[in-house]
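Step one of this worksheet: look at the structure below.
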Amino acid sequence: MMALRKVHIPAILGSRDEKDDGEGGWGRQEQPTFHPTPPPTRSITLLLHTISGVAYTTGTELDNDHKEIHLSLSYIETITTNGNNSNPTAELTGVLTHELVHCYQHTAPPDSPPNTPHPPGGLIEGIADFVRLKAGLEPPHWKRPASAKERADKWDEGYQHTAYFLAWLEDVKVGKGAVGMMNDRLLRVGYADGFWEGLFGLGVLELWEEYGVWLDGGGGTGTTTSGGGCWEDEIVDRV
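Right under this line is the structure:
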């Protein structure tokens, strides 16, 4: 069986030549909607013990439908006793939110052949931090770039660097549901050739450059990209 390498769906975006919508939308058209398909995750176990780093998520020895989140005891001690973190509860909630995303996000179709393309790790981590950002759990040490120069060197640098890029896609370029559609497309075909073009009408490097232009135009200052609660309720197709 050959893995699907390329997918094309009609572009949901207007062209840049269209009239600006007044909100930096670059001719944004109808807000995307989709019907999400959760992965078959059956259980999630939280394990607190001494590990290097902060936290990680993995499947269990039983099967990959049972997940384990491993959280560092030393990290918990550090943020609750050194006085440098003003809100350790929010920090821990943010870390767990990030790890919970890994329990439910897609990377490729189920039972797909080994040569099915998977997304870069930076995108996987960026989506997890995007959800943390949108849940209103952005930690104080994150810094949203105010100019193209302040961006990471690469779009898939991962974590908050990619999360802010994805937030621009969601809040400015496309509309609520953009990142959810990416997750859904990974379920359908994996990280196939033309992944970004098929969804958004432009390649990821073109989008990254447009993001930089938007930042240099003042878009990165005074723009709220965090949120709280169930922001996805507006875009999930529940029919």
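Quick note on UniProt numbering: the sequence shown kicks off at 1 and runs consecutively. Glycine included, C-beta positions come from ideal geometry on N, C-alpha and C.
query: Along the chain, which unbroken stretches of the alpha helix (DSSP H) at least 4 residues long are found entirely within the region 26–95?; result: 73–81
query: Compare the beta carbon distance of Thr107 and Leu186 with 8 Å and say whether it is the shorter of the two.; result: yes
query: Given a cut-off of 8 Å on the beta-carbon distance, is the pair Gly212 and Arg151 in contact?; result: yes
query: Please identify the residue among Leu137, Gly220, Val179 and Pro140 whose C-alpha is closest to the C-alpha of Ala146.; result: Gly220
query: Answer yes or no: do Ala178 and Gly126 have a C-beta to C-beta separation smaller than 8 Å?; result: no
query: Below 8 Å on the Cβ atoms is my guess for Ala50 versus Ser74; work out the distance and round it to an integer in Å.; result: The sequence as given places Thr at residue 50; Ala does not occur at that position. Between Ser74 and Thr50 the Cβ distance is about 6 Å, and since that is below 8 Å, they are a contact.
query: Taking 8 Å as the threshold (C-beta atoms), are Ala55 and Ile69 in contact?; result: yes
query: Going straight from the alpha carbon of Pro109 to that of Gly190, what length do you get?; result: 6 Å
query: Does DSSP classify Asp111 as helix, strand or coil?; result: coil
query: Any idea what DSSP makes of Asp129, helix, strand or coil?; result: helix
query: Throw me the rounded Cβ distance for the Gly122 and Glu157 pair, which I believe falls under 8 Å.; result: 6 Å
query: Do you know how far the Cα of Gly198 is from the Cα of Ile79?; result: 43 Å
query: Applying the 10 Å Cβ sphere with the 16-neighbour rule, what's the burial state of Pro119?; result: buried
query: Under the assumption that Ala128 contacts His161 (Cβ atoms under 8 Å), give the Cβ distance between them as a whole number of angstroms.; result: No, Ala128 and His161 are not in contact; Cβ-Cβ is about 13 Å, not under 8 Å.
query: Using only the alpha-carbon positions, how far apart do Asp193 and Ile124 sit?; result: 17 Å
query: Flag this pair as yes or no: are the beta carbons of Phe200 and Val172 separated by less than 8 Å?; result: no
query: I'd like to know whether the C-beta atoms of Thr41 and Tyr104 end up nearer to each other than 8 Å.; result: yes
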